[in-house]
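Heads up, the thing below is written out as structure tokens.
Protein chains in written order, with the working numbering: chain W, 223 to 556; chain E, 6 to 411; chain H, 8 to 296.
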């Protein structure tokens with residue numbers, strides 16, 4: 223029933239951007255820094271956007287590259303956030319980088335555990351299992367009030383200054399640069415992964431897993447590896463979130479968050495890493511703007527925008543831009 | 006060599022430009038002395054918008070009726086932001102933006118304890134006065150220097166209810182609370198008050214928030230057959246569903262007496278409950294049916310503004326008093342707001358004529374001190390109402406007194 | 008003790024019936040069209056709103072109001088299918104998720120604009136109030152009614168799908184879409200009709216369940232998990248599957264609440280997780296994995 227995805231593959235095995243246009247890759251990063259320089263009062267929003275981009279990119283590895291549609295990715299995000307938060311709140315380890323590493327390991331383990339249980343199933347069953355995995359952790363965090371603070375959220379989360387130098391201030395300057403660097407490192411890492419032979423085998427799984435196993439690929443193992451990598455990175459996103467806001471709450475494990483990040487990813491266009499970079503800011507700026515203009519009815523506008531997007535701009539903003547670009551190119555003589 | 010030199014020059018330039026940015030950020034905003042900005046963060050969208058609307062309406066009603074009573078030349082602008090529900094990250098970011106981007110003088114709102122706690126850390130760092138209008142967790146005002154509360158604490162009503170019940174000669178109780186922080190507070194406070202008076206708690210059960218079917222829990226209550234069933238839930242649809250289930254299983258017609266905080270029979274949900282809650286005893290700080298003149302005026306103004314079918318609730322009165330405290334602070338300083346003067350004023354603020362009776366702020370903690378009322382659900386003019394039958398002595402937050410003693 | 012057992016059975020089964028009536032439509036449409044329709048709750052919510060509004064504002068009695076609500080929502084579902092849903096039949100799962108989320112957001116906002124943020128009270132007729140005593144157990148009358156009504160709906164659906172030509176066509180289309188088309192079944196029209204039927208059933212569930220699953224703007228988001236669980240556990244495209252799934256989940260949920268109230272929802276999600284691990288295609292499935 224489902225036709226092969228036209229939303230995905232950029233180009234045909236070549237990097238999405240030709241070598242001569244490589245400088246384009248620097249544009250989003252410079253844009254982010256430029257936005258900050260021009261309007262530093264937007265630092266908190268930008269920080270939250272970076273965290274969500276990081277989270278959405280980790281999801282892209284599953285949804286866009288491997289073809290695993292999950293509605294429970296917040297399970298790993300929340301694990302990362304809670305592990306980092308609890309370590310700091312208890313005063314065990316307050317160093318941001320150390321807690322981030324431990325949070326990543328923890329989220330990776332959770333991902334490995336749930337992944338090994340779920341990844342033999344597909345379609346709706348997998349979707350539901352992923353939902354159940356998220357809800358399961360949510361309920362545990364909700365019940366374990368002694369450790370997590372339950373529904374009040376985790377309080378007294380204070381991290382020591384970043385690298386012993388920069389304190390997390392209320393204007394969000396440190397948080398901005400910290401999340402920016404973390405996002406950049408993650409991006410570099412993910413770009414290597416998706417362009418490696420392993421990354422290509424994931425695309426193969428997405429397109430046709432029968433053929434992949436026919437050529438001798440261990441499908442389940444590959445999927446599990448991808449799931450664990452994505453979980454680890456989601457855990458990093460959660461940890462950065464905890465560090466930048468100094469707070470962890472149950473909603474970091476919620477079904478709503480899993481849904482929202484998926485929407486942001488699809489909005490930008492999945493299967494191209496850059497999708498998250500466009501989808502998340504568009505979604506969050508729109509949310510920020512609409513929620514301010516009309517706080518009571520911003521759900522309506524959000525819904526209408528999504529509807530238009532899915533009916534007329536299938537494949538996300540990037541694929542729309544790509545189509546526009548190609549149309550322009552074709553019109554040019556020669 | 007030259008290459009190296011230019012590289013480090015570039016680095017220097019980069020560093021200094023970042024330094025410029027950082028200093029630009031950290032320069033304190035010099036606001037127009039007479040234009041006071043108030044940032045209000047509540048839940049305006051999503052499943053929990055109803056409570057936010059009740060607080061907002063109370064606050065807006067005050068602005069509408071008394072917002073013009075300001076020193077000449079002073080204006081107050083209220084900037085509203087939507088935290089979409091229990092969402093501390095978002096709440097904190099919105100507060101951050103209100104402080105940094107909009108340069109507000111006072112923050113208010115504070116509908117949820119988690120969101121409030123997240124904002125408080127910020128208010129401390131930025132020395133930003135924060136008036137909490139809705140949250141009920143005891144820890145909201147504990148050691149936070151820039152916070153006052155105009156709402157209530159769960160302990161404030163549950164603890165005296167326990168004492169009251171023990172004094173009335175009830176021997177055994179069963180507690181059934183919603184499984185979230187406020188529910189845990191209610192459970193602990195009631196048990197403390199009740200057992201100190203000689204009562205015995207048979208069993209304490211916590212109901213998950215997502216549950217919609219309460220009958221199995223109530224079945225167990227019915228079999229235990231206690232004198233009292235102490236209830237606590239977050240109000241709203243859950244309160245109605247609870248009450249209907251209690252009637253359905255026949256507890257209301259048995260010897261078990263249903264008691265709780267005002268949340269289980271909120272004024273806005275009573276019309277939805279049918280006749281089930283008749284005779285239920287609650288303790289709370291506000292009932293729309295109270296006959297004080299200040300309340301009669303308040304309810305009349307409310308109905309003029311929002312329609313005859315709309316009823317203010319205890320959330321609305323928190324919004325009303327919170328806004329009054331803010332406007333009083335603006336008046337006292339003639340619009341020239343400084344954080345410390347604002348706090349000094351707010352920490353000693355009182356309102357002898359609130360719709361809920363006289364209230365004041367405890368200077369040491371920023372906690373509200375108010376009377377609690379024992380109420381019974383009765384029928385008045387064809388509607389159910391929480392009729393106040395007994396006024397209890399005004400108290401601050403009992404939990405803080407226990408914490409402070411040892 | 009036996010009265011306790013009867014009570015738990017009754018509460019569990021009647022709760023399961025509510026889940027069944029709100030979810031069975033989703034199972035049919037998802038099974039038939041392979042469409043991940045997260046917005047199913049929207050139709051249940053609208054059914055609830057229509058019922059409540061007809062009763063409270065226009066004074067229509069309960070059952071006629073319920074019937075009218077069903078018809079209205081069925082028509083709405085039919086129209087939406089023709090206008091919007093059919094455009095996405097060939098789309099990826101992802102696009103369908105996004106589309107149905109958009110519908111949820113829009114309907115949440117619209118419900119808030121028209122009915123305000125508070126939950127809508129439903130005033131059931133007098134004869135459904137109160138409780139009756141049965142061998143020492145106290146059975147709320149409305150629960151008994153739900154159990155009976157749910158059984159009738161289940162039986163009617165089973166007869167409709169197993170014994171009529173329409174049902175046979177639907178089953179054929181679920182089994183093999185292309186083949187059904189090849190033997191001359193107009194699947195296009197069949198889809199629209201079935202979708203209307205599915206949404207009508209949702210509306211029925213919304214109206215009947217309003218007493219337990221309160222009707223407020225957040226409805227489609229709040230209960231979506233329950234609907235999806237029932238469908239996933241029951242198996243796509245079957246009529247019996249969701250019934251078994253609803254009753255099992257209703258009973259398991261009720262029994263846990265009674266025996267281990269402190270366990271909360273953890274147990275339910277763990278249970279669902281294990282069920283799905285054991286039978287990924289659901290308890291009863293017409294679709295082959």
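Ideal placement from N, C-alpha and C gives every residue a C-beta, glycine not left out.
Check: At what residues does the alpha helix (DSSP H) containing residue 35 of chain H begin and finish?
Finding: On the third chain, residue 35 of chain H is found 28 positions in, with the first residue counted as 1. It spans 9–40 - the alpha helix (DSSP H) in which residue 35 of chain H sits, taken as one unbroken run.
What are the start and end residues of each continuous alpha helix (DSSP H) run of 4 or more residues lying completely inside the segment 227–277 of chain H, in chain order?
-> Whole alpha helix (DSSP H) segments, 4+ residues: 231–241 and 247–266.
- request: Output yes if chain H places a C-beta closer than 8 Å to the C-beta of residue 179 of chain E; else output no.
  value: The residue labelled residue 179 of chain E in the question sits at position 174 within the second chain. Chain H, which has no Cβ nearer than 8 Å to the Cβ of residue 179 of chain E, makes this no.
> Counting pairs of Cβ atoms below 8 Å between the segment 500–518 of chain W and the segment 262–277 of chain W, do you hit three or more?
Replying inline: Remark: three or more beta-carbon pairs, one from each stretch, lie closer than 8 Å, so the segment 500–518 of chain W and the segment 262–277 of chain W are flagged as touching.
### Message
Taking the straight line between their C-alpha atoms, what separation do you get for residue 146 of chain E and residue 204 of chain E?
### Response
On the second chain, residue 146 of chain E is found 141 positions in, with the first residue counted as 1. On the second chain, residue 204 of chain E is found 199 positions in, with the first residue counted as 1. Approximately 30 Å between the Cα atoms of the pair.
**Message:** Rounding to the nearest angstrom, what Cα-Cα distance links residue 225 of chain W and residue 96 of chain H in this structure?
**Reply:** Taking the first residue of the first chain as 1, we reach residue 225 of chain W at position 3. Taking the first residue of the third chain as 1, we reach residue 96 of chain H at position 89. Confidence at residue 225 of chain W is low in this model, with a pLDDT of 39, below 50, so its placement is unreliable and no value can be given for it.
Apart from the five residues on each side of it in sequence, which residues of its chain come closer than 7 Å, Cβ to Cβ, to residue 396 of chain E? Taking the first residue of the second chain as 1, we reach residue 396 of chain E at position 391. The answer, listed in chain order, is 376 and 378.
Item to complete: Using beta-carbon positions only, say whether residue 84 of chain E and residue 139 of chain E come within less than 8 Å of one another.
Response: The count along the second chain starts at 1 and reaches residue 84 of chain E at position 79. The count along the second chain starts at 1 and reaches residue 139 of chain E at position 134. Between residue 84 of chain E and residue 139 of chain E, the C-beta gap is not smaller than 8 Å, which leaves the two residues out of contact.
- Taking only beta-carbon positions, decide if residue 525 of chain W is within less than 8 Å of chain C. Structure shown: chain C not included; protein chains present are W, E and H.
- In angstroms, rounded to a whole number, what distance separates the CA positions of residue 201 of chain H and residue 35 of chain H? Within the third chain, numbered from 1, the residue matching residue 201 of chain H stands at position 194. Within the third chain, numbered from 1, the residue matching residue 35 of chain H stands at position 28. Using only the alpha carbons, I get a separation of about 8 Å.
Practice problem: Enumerate in chain order the residues of its own chain whose CB-to-CB distance from residue 107 of chain E is below 8 Å, with the five nearest sequence positions on each side excluded. | Solution: Start at 1 with the first residue of the second chain, and residue 107 of chain E comes out as number 102. The residues are 42, 44 and 84.
Practice item. For the alpha helix (DSSP H) containing residue 129 of chain H, list its first residue and its last residue. Key: For this step, residue 129 of chain H is matched to residue 122 along the third chain. First-last for residue 129 of chain H: undefined, no H or E at that position.
Contact defined as beta carbons within less than 8 Å: I believe residue 128 of chain E pairs with residue 112 of chain E. What is the distance between those atoms, to the nearest angstrom? The count along the second chain starts at 1 and reaches residue 128 of chain E at position 123. The count along the second chain starts at 1 and reaches residue 112 of chain E at position 107. Here residue 128 of chain E really is in contact with residue 112 of chain E; their C-beta atoms are around 6 Å apart, less than 8 Å.
Item to check | Closest by C-alpha distance to residue 55 of chain H, when choosing among H:101, H:159, H:11 and H:208 | outcome: Indexing the third chain from 1 puts residue 55 of chain H at position 48. It is H:208 whose Cα lies nearest to the Cα of residue 55 of chain H.
_Pop quiz: residue 289 of chain E and residue 380 of chain E are said to be a contact at Cβ under 8 Å. What is the actual Cβ separation, rounded to whole angstroms?_
Residue 289 of chain E sits at position 284 when you count from the first residue of the second chain. Residue 380 of chain E sits at position 375 when you count from the first residue of the second chain. With 8 Å as the limit, residue 289 of chain E and residue 380 of chain E qualify as a contact, their Cβ atoms being about 7 Å apart.
For a contact defined as C-beta to C-beta under 8 Å, what are the partners of residue 111 of chain H on chain E? Within the third chain, numbered from 1, the residue matching residue 111 of chain H stands at position 104. Correct list: empty, because the minimum Cβ distance to chain E is about 11 Å.
Listed by chain order, chain E residues near residue 471 of chain W by CB distance under 8 Å
Counted from its first residue, the first chain places residue 471 of chain W at position 249. Using a Cβ-Cβ cut-off of 8 Å, residue 471 of chain W is close to 91, 92, 93, 94, 119 and 123 of chain E, given in chain order.
- Starting from the C-beta of residue 77 of chain H, find all residues in its chain whose C-beta is less than 6 Å away, skip the five residues before and the five after it, and write them out in chain order. Taking the first residue of the third chain as position 1, residue 77 of chain H is located at position 70. Scanning its chain for C-beta atoms nearer than 6 Å, with the 5 sequence neighbours on each side dropped, one finds around residue 77 of chain H the residues 207, 210 and 211, in chain order.
Quick one: which chain E residues come within Cβ less than 9 Å of residue 282 of chain W?
-> Locating residue 282 of chain W in the first chain gives position 60, where the first residue counts as 1. What residue 282 of chain W touches in chain E: nothing, since even the nearest Cβ is about 22 Å away.
Review point. Using the beta-carbon count (16 or more within 10 Å), is residue 413 of chain E buried or exposed?
Key: The first residue shown for chain E is 6 and the last is 411, placing residue 413 of chain E beyond what the model contains.
Is the segment 251–270 of chain W in contact with the segment 417–428 of chain W, if contact means three or more CB pairs nearer than 8 Å?
-> Of all C-beta pairs linking the segment 251–270 of chain W to the segment 417–428 of chain W, fewer than three are shorter than 8 Å, placing the two stretches out of contact.
On the CB-based measure, 16 or more other CB atoms within 10 Å of its CB, does residue 536 of chain W come out buried or exposed?
Along the first chain, read from residue 1 onward, the residue named residue 536 of chain W stands at position 314. Result: buried.
- Query: Do you know how far the Cα of residue 169 of chain H is from the Cα of residue 188 of chain E?
  - Reply: In the second chain, counting from the first residue as 1, residue 188 of chain E sits at position 183. In the third chain, counting from the first residue as 1, residue 169 of chain H sits at position 162. Answer to the nearest angstrom: the Cα atoms are 49 Å apart.
Residue 118 of chain E bridges to which residues according to DSSP? Within the second chain, numbered from 1, the residue matching residue 118 of chain E stands at position 113. The partner list for residue 118 of chain E (beta bridge, DSSP) is empty, contrary to what the question assumes.
- Task: For residue 106 of chain H, return the contacting residues in chain W, with the cut-off set at a CB-CB distance below 8 Å.
- Result: Counting from one through the third chain, the residue named residue 106 of chain H turns up at place 99. The contacting residues are 528, 529, 532 and 533.
Any chance the segment 323–334 of chain E sits against the segment 345–361 of chain E, with 3 or more Cβ pairs inside 8 Å? A contact is defined here as three or more CB-CB pairs under 8 Å, and the segment 323–334 of chain E meets this definition with respect to the segment 345–361 of chain E.
For residue 141 of chain E versus residue 167 of chain E, is the C-beta distance shorter than 8 Å?
Taking the second chain and counting its residues from 1, one reaches residue 141 of chain E at position 136. Taking the second chain and counting its residues from 1, one reaches residue 167 of chain E at position 162. No. Outside cutoff.
Could you give the first and the last residue of the continuous alpha helix (DSSP H) run that contains residue 386 of chain E? Numbered from 1 along the second chain, position 381 holds the residue referred to as residue 386 of chain E. Careful: residue 386 of chain E lies outside any alpha helix (DSSP H) and carries neither H nor E.
**Message:** On the DSSP bridge list, what partners appear for residue 400 of chain E?
**Reply:** Residue numbering aside, residue 400 of chain E sits at position 395 when the second chain is read from its first letter. For residue 400 of chain E, which the question treats as bridged, DSSP gives the partners E:375.
Could one say the Cβ of residue 119 of chain H lies closer than 8 Å to chain E's Cβ atoms, at least one of them?
Here the question's residue 119 of chain H lines up with position 112 in the third chain. Closer than 8 Å: yes.
DSSP three-state call for residue 287 of chain E: helix, strand or coil? Here residue 287 of chain E refers to the residue found at position 282 of the second chain. In this structure, residue 287 of chain E counts as strand in the three-state DSSP scheme.
By a C-beta neighbour count over all protein chains shown, 10 Å radius and 16 as the cutoff for buried, is residue 243 of chain H buried or exposed?
Mapped onto the third chain, residue 243 of chain H falls at position 236. Classification for residue 243 of chain H: buried.
Discussion item. Per the DSSP calculation, residue 80 of chain E is bridged to which residue(s)?
Written reply: Position 75 of the second chain holds residue 80 of chain E. DSSP, once it has assigned bridges, lists E:40 as partnering residue 80 of chain E.
Report task. Sort H:274, H:122, H:19 and H:241 by Cα distance to residue 58 of chain H and report the nearest one. Result -> Residue 58 of chain H sits at position 51 when you count from the first residue of the third chain. Selected option, being the one with the closest Cα: H:122.
Verify whether the separation of the beta carbon atoms of residue 109 of chain H and residue 529 of chain W is less than 8 Å.
Sequence index remark: in the third chain, residue 109 of chain H carries index 102 (1-based). Sequence index remark: in the first chain, residue 529 of chain W carries index 307 (1-based). Against a cut-off of 8 Å, the Cβ pair of residue 529 of chain W and residue 109 of chain H comes out as a contact.
query = How should residue 307 of chain E be labelled, buried or exposed, when 16 other C-beta atoms within 10 angstroms of its C-beta is the threshold for buried?
reply = As a working mapping, residue 307 of chain E is identified with position 302 in the second chain. So residue 307 of chain E counts as buried.
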